[in-house]
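S.K.: The structure under discussion is supplied below as C-alpha cells; questions concerning it will follow.
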Amino acid sequence: MQNEQAIGKRSIFKTDTKSLIGAVVMGIVFVIACQITGQIDNMLPWGKAGMLLINGTVWAFFTGILTLLYRQPGGLIAAEVEALISIMYTPLWPAFIFANGIASIWVSFVAAKCDMTKWTHHILAQGGVCVLGNAIVGVGLVVILSLPVNVAIIASLITISVTWPLAILAEKKVYDALMKSGMVK
Amino acid sequence: MFKLNELDPRLKLSWCLFLVLTALVSRSMILNGILLGVILISELLSEKSLKAFKMLSVVLLIIGTQVLIINLIFGREGELLYSWGILQIYSGFIATSVLAFLRIGIISFSAYQFGVHTDPMDMAQMLIHWRIPYRYAMLVPMVARFFPVMIGEYQAICDSQSARGVPNDTVVEKIRNLPASILPLMYRAMRISNDAALSVELRGYGRHATRNFQKKINLHPLEGMTIVCLMIGFGGVLIKTIL
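Quick note, the sequences are listed as chains A and B, same order. Here this note's numbering is used: the first residue of the first sequence is 1, the next is one more, and so on. Here this note's numbering is used: the first residue of the second sequence is 1001, the next is one more, and so on.
Here is the structure:
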C-alpha cells in the first residue's frame, strides 16, 4: 500500500494549481514554524551562541517534507517563500535563498531515485538537506556576519550533527502518516 | 519629493540588488556607511519617518551584539591586545564587527525597503515582464494575501490551547507544545490551500496565457537610465575591490 502511494520513482514535477497554492500556503507555515523555533532557540544557551538547533531541525524537516508532498516547482516555491520572508528577521536571507533552493532540489533528486518508503531514503534525503544547507549558511556566516572561519565551521558541524537525526525522524513519521491518511496522494 | 511606492519595481529591485551586492563585495567601511545612510535618508524623504525599520533594528542590534562577542572571543585579526589563559583578544575585532554591522544593516534594510514599498501586484507584473507565466507570477500576491490569514490561524490555535489550560510559559513547555501547534496549522494550511485552489480554478485561473491588470507598470526612461547607472556603479566597486 505504502509502495503504491509513495511519490518516489515518479515524475519530480507537479504543476497543478493545488500544488502551487498548497506550496505557497505551506511556505507561510514554514516561515511561522521557523519564527517560533528561532525564538525558542534564542532563549537557550546554544541560541545565544548563534547556533539555532531546533530551528535548523524544523527547517530541514519542512524543506524535505514539502518537496516530497508538492514535488517541483512546489517544493522550491515553498522553500523560497521562507527564504524571502526571512528578510524580516535575519540578514542571512541571501544565504537562505541558495540553501533552501539547493536543499529542495536535492530532495527531489533523491525522491526521483528512491520510493521514500525506507529509513535509508530519508537518511539520504535529509543528509543532503542538512549538509548542503548548513554548508551554505556557514558561508553566509563568514561572508555576511564576518564570523571567523573556524567558528562558522564548528557551528555548522554541530548544527548538522544535531539536526540530521532529528529531521530524519520527523520527516519519516510525518511523511508516513500523511501518506497513510490519504490526505496527500 | 519622491515616493518609493510610485517607482517601478524593476528600479527598486535593481537598487536593492546593487546595495546587497556592494555590501557583500566591498570591505570599505566608508562606502558601507554611506550606503546605509542613503537607505535611511531615502526612507526619510519618502515616508518622513523610520518607523518601518523599528522592529528590524532591534533584531539587527541583537545579531550585531552576538557578532561582536563572537569576534571578541574568537577573532584573530590584528595585534594581540590581551591574553588570559585560552582567552586572547586581538585588535581587529572592532573593525570586523563594525563592518559586519554596517553590512547586515544594508542587506536587511535594503531588502526590507524593497519588500515594504513594492506592491505584490507590481512584483507579479515584473515577473510577467520577464516571461514568467502568470500562474507562477501571481503566487507573489498570494503570499501577501495568505500571510495574515495563516498568522490568524496560528493565533487561533494558540488561543484554543490556552483555553484548554495548556501551559506555555517556560522554554521546555514551548518545545513540548511545538507539535501540538504546528501540526494543526499544517492541517489547516492544507484545507485552506485546497479550498483556494478549487476557488481560483473555477474562476478560470491559468485558462488563458495572459492576464489583465488594473494598473500597469511602465519603466520610465529616467528609471531605465538609473538602472544602467547602478549596474555601472556596481561594476566600478567590483573592479576597485579586485584591484
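Ideal Cβ placement from N, Cα and C applies to all residues, glycine included.
What number of angstroms, rounded off, separates the C-alpha of Val1059(B) from the C-alpha of Ala155(A)?
M.R.: Position 59 of the second sequence, counted from the start, is the residue given in the question as residue 1059(B). Position 155 of the first sequence, counted from the start, is the residue given in the question as residue 155(A). Distance between the alpha carbons of Val1059(B) and Ala155(A): 20 Å.
S.K.: Using the beta-carbon count (16 or more within 10 Å), is His121(A) buried or exposed?
M.R.: As a first step, residue 121(A) must be located in the first sequence, where it is residue number 121. So His121(A) counts as buried.
S.K.: Expressed to the nearest angstrom, what Euclidean distance is found between the alpha-carbon atoms of Val131(A) and Val162(A)?
M.R.: To locate residue 131(A), count along the first sequence from 1; it is residue 131. To locate residue 162(A), count along the first sequence from 1; it is residue 162. Going by the C-alpha atoms only, they are around 11 Å apart.
S.K.: Between which two residues does the alpha helix (DSSP H) harbouring Gln1088(B) extend?
M.R.: In the second sequence, residue 1088(B) corresponds to position 88, counting from 1. Not the alpha helix (DSSP H): Gln1088(B) falls in the beta strand (DSSP E), residues 1087–1090.
S.K.: Using 8 Å for Cβ pairs, my map puts Val151(A) next to Ile1070(B). What's the rounded Cβ distance?
M.R.: Translated into positions along the first sequence, residue 151(A) becomes position 151. Translated into positions along the second sequence, residue 1070(B) becomes position 70. So it is a contact: roughly 6 Å between Cβ atoms.
S.K.: Would Phe1215(B) pass as an interface residue toward chain A - the criterion being a Cβ-Cβ separation below 7 Å?
M.R.: As a first step, residue 1215(B) must be located in the second sequence, where it is residue number 215. Sequence inspection shows Lys at residue 1215(B); the Phe mentioned does not correspond to that position. Closer than 7 Å: no.
S.K.: Can you list, in chain order, the residues of its chain whose CB lies under 6 Å from that of Met1(A), leaving out five sequence neighbours each side?
M.R.: Here the question's residue 1(A) lines up with position 1 in the first sequence. With a pLDDT of only 41 at Met1(A), under 50, the local geometry of the prediction cannot be trusted, and the value read off the model is given with reservation. Excluding sequence neighbours, Met1(A) sits near nothing in its chain.
S.K.: Per DSSP, Trp1130(B) is paired with what?
M.R.: Residue mapping note: residue 1130(B) aligns to position 130 of the second sequence, counting from 1. Beta-bridge pairing links Trp1130(B) to no other residue.
S.K.: Residues in the same chain with beta-carbon distance under 8 Å from Gln1161(B), minus the five sequence neighbours each way, listed in chain order, please.
M.R.: Position 161 of the second sequence, counting from 1, holds the residue named residue 1161(B). Closer than 8 Å at the Cβ level, and outside the excluded window around Gln1161(B), lie Asn1168, Asn1177, Ala1180, Ser1181.
S.K.: In or out: Leu1087(B) buried (at least 16 other Cβ within 10 Å) or exposed?
M.R.: Residue 1087(B) sits at position 87 when you count from the first residue of the second sequence. Flag for Leu1087(B) reads exposed.
S.K.: Within the 7 Å Cβ cut-off, does Ser146(A) reach chain B?
M.R.: Taking the first residue of the first sequence as 1, we reach residue 146(A) at position 146. Taking Cβ atoms only, chain B reaches closer than 7 Å to Ser146(A), which makes this a yes.
S.K.: Quick one: Cα of Lys1048(B) to Cα of Leu20(A), how far?
M.R.: Here residue 1048(B) refers to the residue found at position 48 of the second sequence. Here residue 20(A) refers to the residue found at position 20 of the first sequence. Cα-Cα distance, rounded: 39 Å.
S.K.: Tell me whether Ser146(A) sits in a helix, a strand or coil according to DSSP, three-state version.
M.R.: Taking the first residue of the first sequence as position 1, residue 146(A) is located at position 146. DSSP places Ser146(A) in coil when its eight states are reduced to three.
S.K.: Quick check on Trp1084(B): buried or exposed, where buried means 16 or more other Cβ atoms within 10 Å of its Cβ?
M.R.: The residue labelled residue 1084(B) in the question sits at position 84 within the second sequence. By the 10 Å Cβ count, Trp1084(B) comes out exposed.
S.K.: On the DSSP bridge list, what partners appear for Phe13(A)?
M.R.: For the purposes of this step, residue 13(A) is taken as residue 13 along the first sequence, with counting starting at 1. Bridge partners of Phe13(A): Gln72(A).
S.K.: Below 8 Å CB to CB, which residues in the same chain sit around Leu1081(B) once its five sequence neighbours on both sides are set aside?
M.R.: Here residue 1081(B) refers to the residue found at position 81 when the second sequence is read from its first residue. The residues are Ile1089, Tyr1090, Ser1091.
S.K.: Step through the CB atoms of chain A and report whether any lies within less than 7 Å of the CB of Lys1054(B).
M.R.: Residue 1054(B) sits at position 54 when you count from the first residue of the second sequence. Not closer than 7 Å to any Cβ of chain A, the Cβ of Lys1054(B) fails to qualify, so no.
S.K.: What would DSSP say about Leu1080(B), mapped onto helix, strand or coil?
M.R.: To locate residue 1080(B), count along the second sequence from 1; it is residue 80. Note: Leu1080(B) maps to strand in three-state DSSP.
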